[in-house]
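Colleague: Submitted below is the structure of interest, expressed as structure tokens.
Number of protein chains: 2
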Amino acid sequence: MKTNAATNINCIIRLIQYKNAIQRLKKLGFIKVFSDNLGDATGVISTLVRKDFSMFGITGNKKGGYIVDSLLEQLNRILGKEEVQKAVIAGAGKIGTALMEYQGLRNEGFEICAAFEINPQKFNSESRIPVYHIESMQEYIEKNVIRLGIIAVPTDAAQQVFDTMILAGIRGILNFAPIQLKAPPEIAVSNVNIAMELEKLWYYVKMS
Amino acid sequence: MKTNAATNINCIIRLIQYKNAIQRLKKLGFIKVFSDNLGDATGVISTLVRKDFSMFGITGNKKGGYIVDSLLEQLNRILGKEEVQKAVIAGAGKIGTALMEYQGLRNEGFEICAAFEINPQKFNSESRIPVYHIESMQEYIEKNVIRLGIIAVPTDAAQQVFDTMILAGIRGILNFAPIQLKAPPEIAVSNVNIAMELEKLWYYVKMS
Numbered sequence: 039m040k041t042n043a044a045t046n047i048n049c050i051i052r053l054i055q056y057k058n059a060i061q062r063l064k065k066l067g068f069i070k071v072f073s074d075n076l077g078d079a080t081g082v083i084s085t086l087v088r089k090d091f092s093m094f095g096i097t098g099n100k101k102g103g104y105i106v107d108s109l110l111e112q113l114n115r116i117l118g119k120e121e122v123q124k125a126v127i128a129g130a131g132k133i134g135t136a137l138m139e140y141q142g143l144r145n146e147g148f149e150i151c152a153a154f155e156i157n158p159q160k161f162n163s164e165s166r167i168p169v170y171h172i173e174s175m176q177e178y179i180e181k182n183v184i185r186l187g188i189i190a191v192p193t194d195a196a197q198q199v200f201d202t203m204i205l206a207g208i209r210g211i212l213n214f215a216p217i218q219l220k221a222p223p224e225i226a227v228s229n230v231n232i233a234m235e236l237e238k239l240w241y242y243v244k245m246s
Numbered sequence: 039m040k041t042n043a044a045t046n047i048n049c050i051i052r053l054i055q056y057k058n059a060i061q062r063l064k065k066l067g068f069i070k071v072f073s074d075n076l077g078d079a080t081g082v083i084s085t086l087v088r089k090d091f092s093m094f095g096i097t098g099n100k101k102g103g104y105i106v107d108s109l110l111e112q113l114n115r116i117l118g119k120e121e122v123q124k125a126v127i128a129g130a131g132k133i134g135t136a137l138m139e140y141q142g143l144r145n146e147g148f149e150i151c152a153a154f155e156i157n158p159q160k161f162n163s164e165s166r167i168p169v170y171h172i173e174s175m176q177e178y179i180e181k182n183v184i185r186l187g188i189i190a191v192p193t194d195a196a197q198q199v200f201d202t203m204i205l206a207g208i209r210g211i212l213n214f215a216p217i218q219l220k221a222p223p224e225i226a227v228s229n230v231n232i233a234m235e236l237e238k239l240w241y242y243v244k245m246s
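See the structure below:
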């Protein structure tokens with residue numbers, strides 16, 4: 039992922055993990071949390087939790103506790119979660135369709151506005167999310183000012199879809215196609231290669 | 039991911055990427071490839087390709103080329119791809135169901151043998167892959183000597199499913215639940231947190 043030099047990607051990842059842990063603890067009735075709680079829930083030491091928080095100006099009370107609601111509010115503001123997080127998907131195959139309906143994304147405030155397919159007819163009846171022809175993707179992204187795109191098309195089509203998304207104004211892309219996309223430096227790209235993750239695991243299992 | 043100290047995880051990831059690139063080039067009719075080709079396809083410099091290969095005893099011909107079939111054979115042997123790569127899935131929700139039918143896993147030689155669900159009735163009719171009750175998972179894994187597990191259950195159930203899988207003999211786990219699993223050091227775990235990837239991207243898009 040490309041980023042400005044000052045931002046520590048690992049710190050942001052931890053902030054997201056803390057936020058998710060706090061959301062779970064809130065559901066369990068927690069009103070206050072301690073850095074030890076968040077360290078335990080995310081697998082880091084408590085001093086790192088406090089250091090990460092203080093980097094973003096979040097301070098606890100004298101006893102080292104944080105008020106859950108206030109902490110969540112501050113983390114959501116830092117992570118830009120107060121705005122509507124709209125995204126589009128290219129490709130409505132197995133993975134794309136699963137993401138369209140994935141509760142895990144809705145829980146985190148993401149709204150998949152539309153999906154785009156080379157053969158959209160077969161999907162429209164089933165889904166709550168509109169599925170349009172891939173040729174209308176650029177216009178839709180421009181018109182609706184979408185900044186996040188998910189690529190779930192076959193490998194051969196991925197680079198072209200990527201280029202079209204960027205041309206239309208997409209700035210962050212989650213790519214499920216198992217290919218190295220050629221991306222300009224100002225575009226953030228995260229690759230999720232499920233088959234490769236399994237291949238890595240398989241290698242380690244065979245070696246152990 | 040836990041591993042023995044001598045193995046460089048990044049090198050293994052690159053070997054998998056080279057192998058996938060070679061497979062694509064083979065489909066395009068390539069009989070010979072050069073380290074430059076593989077560097078271009080995977081985004082690394084060609085000297086690193088040659089270094090990675092020589093680390094595993096793979097050598098090219100005098101002109102720096104590699105015969106595609108021989109190279110694929112050697113990489114598949116190193117990566118353990120010559121054996122049947124069986125895996126089970128826990129959780130047949132949106133993500134689990136998508137993975138059951140995901141061509142990208144089959145293309146890489148993975149066979150999803152079965153899925154396990156707390157409510158298996160609703161899935162059996164649709165899928166080619168059997169969906170059993172989660173309570174039969176341990177016995178199935180033991181009986182069929184499965185070593186790879188995929189966790190796609192809700193967050194609250196993930197640790198218990200993980201513990202059961204390990205007890206049954208699973209050694210490598212791909213985890214889609216957005217939670218930090220408590221894992222013994224000999225077990226390889228890869229986490230795929232789709233919502234978190236989008237949250238990271240969103241953060242960078244907001245900052246840029």
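Chains A and B supply the protein sequences, listed in that same order. So the first sequence is residues 39 to 246, counted in our numbering. So the second sequence is residues 39 to 246, counted in our numbering. Every residue, glycine too, gets a C-beta built ideally from N, C-alpha and C. If you're wondering where the values come from, they're calculated on a predicted model, not measured in any experiment.
Return the residues of the region 112 to 132 of chain A that lie within a Cβ-Cβ distance of less than 9 Å from chain B, sorted by chain order.
Modeller: Listed by position along the chain: I116, L117, G118, K119, E121, Q123, A125, G131 and K132.
Colleague: Going straight from the alpha carbon of B:G210 to that of B:I189, what length do you get?
Modeller: Rounded to whole angstroms, B:G210 to B:I189 spans 11 Å at the Cα level.
Colleague: With a threshold of 16 other CB atoms inside 10 Å of the CB of A:F68, please say whether the residue is buried or exposed.
Modeller: Exposed, by the Cβ-count rule.
Colleague: Could you tell me the distance, in whole angstroms, from the CA atom of B:Y104 to the CA atom of B:K70?
Modeller: Their Cα atoms are separated by approximately 5 Å.
Colleague: Any C-beta of chain A sitting closer than 8 Å to the C-beta of B:T41?
Modeller: Confidence at B:T41 is low in this model, with a pLDDT of 42, below 50, so its placement is unreliable and the value that follows should be read with caution. By this cut-off, B:T41 is an interface position.
Colleague: Please list the terminal residues of the continuous beta strand (DSSP E) segment that includes B:V274.
Modeller: Missing from the structure shown is residue 274 of chain B; chain B here goes from 39 to 246 and no further.
Colleague: For B:F148, would you say it is in contact with chain A, using Cβ-to-Cβ distances shorter than 8 Å as the test?
Modeller: Yes - at least one Cβ of chain A is within 8 Å of the one on B:F148.
Colleague: For the putative contact between A:L205 and B:L239, defined by C-beta atoms under 8 Å, what is the C-beta separation to the nearest angstrom?
Modeller: So it is not a contact: roughly 18 Å between Cβ atoms.
Colleague: Could you confirm whether any beta carbon from chain A is found closer than 8 Å to the beta carbon of B:E165?
Modeller: Correcting the residue identity first, residue 165 of chain B is Ser in this sequence and not Glu. Chain A, which has no Cβ nearer than 8 Å to the Cβ of B:S165, makes this no.
Colleague: Would you say A:T135 faces chain B, with C-beta separation under 8 Å as the test?
Modeller: By this cut-off, A:T135 is an interface position.
Colleague: Going along the chain, which unbroken runs of the alpha helix (DSSP H) with 4 or more residues stay wholly within the region 136 to 221 of chain A?
Modeller: Runs of the alpha helix (DSSP H) inside the region 136 to 221 of chain A: 141 to 145, 159 to 162, 175 to 182 and 193 to 206.
Colleague: With a threshold of 8 Å between beta-carbons, can B:A79 be considered close to chain A, or not?
Modeller: It does: the Cβ of B:A79 has a partner Cβ on chain A nearer than 8 Å.
Colleague: Rounded to the nearest angstrom, how far is the Cβ of A:F154 from that of A:A128, given a contact under 8 Å?
Modeller: About 5 Å separates the two Cβ atoms, so the contact holds.
Colleague: Quick check on DSSP: helix, strand or coil for A:N75?
Modeller: Here A:N75 sits in helix by DSSP.
Colleague: Could you check the C-alpha separation between A:I83 and B:T202 for me, to the nearest Å?
Modeller: Rounded to whole angstroms, A:I83 to B:T202 spans 27 Å at the Cα level.
Colleague: For A:L66, go through chain B and note every residue whose CB falls closer than 9 Å to its CB, in chain order.
Modeller: Those within 9 Å of A:L66 in chain B number zero; the least Cβ separation is about 11 Å.
Colleague: One question on the structure: do B:V106 and B:K65 come within less than 8 Å of each other, judged by their Cβ atoms?
Modeller: No, the Cβ-Cβ distance between B:V106 and B:K65 is not below 8 Å.
Colleague: Below 8 Å on C-beta distance, what does B:R52 contact in chain A?
Modeller: Result: empty, since nearest Cβ-Cβ is about 11 Å, beyond 8 Å.
Colleague: How many Å lie between B:F72 and B:Q112 at the Cα?
Modeller: Taking the straight line from one Cα to the other gives about 16 Å.
Colleague: Taking just the CA atoms, how far does B:A226 sit from B:A28?
Modeller: Nothing about residue 28 of chain B can be reported from this structure: the residues present for chain B run from 39 to 246 only.
Colleague: Just verifying my parser: in three-state terms, what is the DSSP assignment at B:S246?
Modeller: Correct three-state label for B:S246: coil.
Colleague: Between the region 144 to 151 of chain B and the region 158 to 178 of chain A, can you find at least three pairs of beta-carbon atoms closer than 8 Å?
Modeller: Segments in contact, no.
Colleague: Using a beta-carbon distance cut-off of less than 7 Å, what residues from the region 216 to 240 of chain B approach chain A?
Modeller: Going along the region 216 to 240 of chain B in chain order, one finds P216, Q218, E224, A226, S228, V230, I232, A233, M234, E235, L236, E237, K238, L239 and W240 with a Cβ nearer than 7 Å to chain A.
Colleague: Would A:G81 be called buried (16 or more neighbouring beta carbons within 10 Å of its own) or exposed?
Modeller: With fewer than 16 Cβ atoms within 10 Å of its Cβ, A:G81 is classed as exposed.
Colleague: Taking all protein chains shown into account, do 16 or more other C-beta atoms lie within 10 angstroms of the C-beta of B:Q141, making it buried, or fewer, making it exposed?
Modeller: It counts as exposed.
Colleague: By DSSP's criteria, A:A322 is part of a beta bridge. Which residues make up the other side?
Modeller: Nothing about residue 322 of chain A can be reported from this structure: the residues present for chain A run from 39 to 246 only.
Colleague: For A:L53, which of A:T85, A:V183, A:M138 and A:D90 has the nearest alpha-carbon?
Modeller: Per the Cα distances, A:D90.
Colleague: Could you tell me if A:V126 is buried or exposed, where buried requires 16 or more neighbouring beta carbons within 10 angstroms of its beta carbon?
Modeller: Its Cβ being crowded by 16 or more others within 10 Å, A:V126 is buried.
Colleague: Tell me whether A:Q198 is buried or exposed, calling it buried when 16 or more other Cβ atoms sit within 10 Å of its Cβ.
Modeller: That one is exposed.
Colleague: Per DSSP, what kind of secondary structure is B:N42 in: helix, strand or coil?
Modeller: Any reading at B:N42 is ruled out, since the residue's pLDDT is 42, under 50, leaving its predicted position unreliable.
Colleague: Check the C-beta distance from B:V243 over to A:L186 and give it rounded, since I have them as a contact under 8 Å.
Modeller: Indeed, because the Cβ distance is near 7 Å, the residues count as touching under 8 Å.
Colleague: Quick one: which residues of the region 81 to 106 of chain B get their C-beta closer than 7 Å to a C-beta of chain A? List them in chain order.
Modeller: Within the region 81 to 106 of chain B, the qualifying residues are G81.
Colleague: Going along chain B, which residues have a C-beta under 9 Å from A:C143?
Modeller: Position check: residue 143 of chain A holds Leu in this sequence, whereas Cys was assumed. Within 9 Å Cβ-Cβ: I232, A233 and L236.
Colleague: Less than 8 Å between CB atoms is the rule here; does A:G210 satisfy it with respect to chain B?
Modeller: Yes, contact with chain B.
Colleague: Determine the contact status of B:I110 and B:K181, defining contact as a CB-CB distance below 8 Å.
Modeller: Reading the sequence as shown, one finds Leu at residue 110 of chain B and not Ile. Result no, Cβ atoms of B:L110 and B:K181 do not sit closer than 8 Å.
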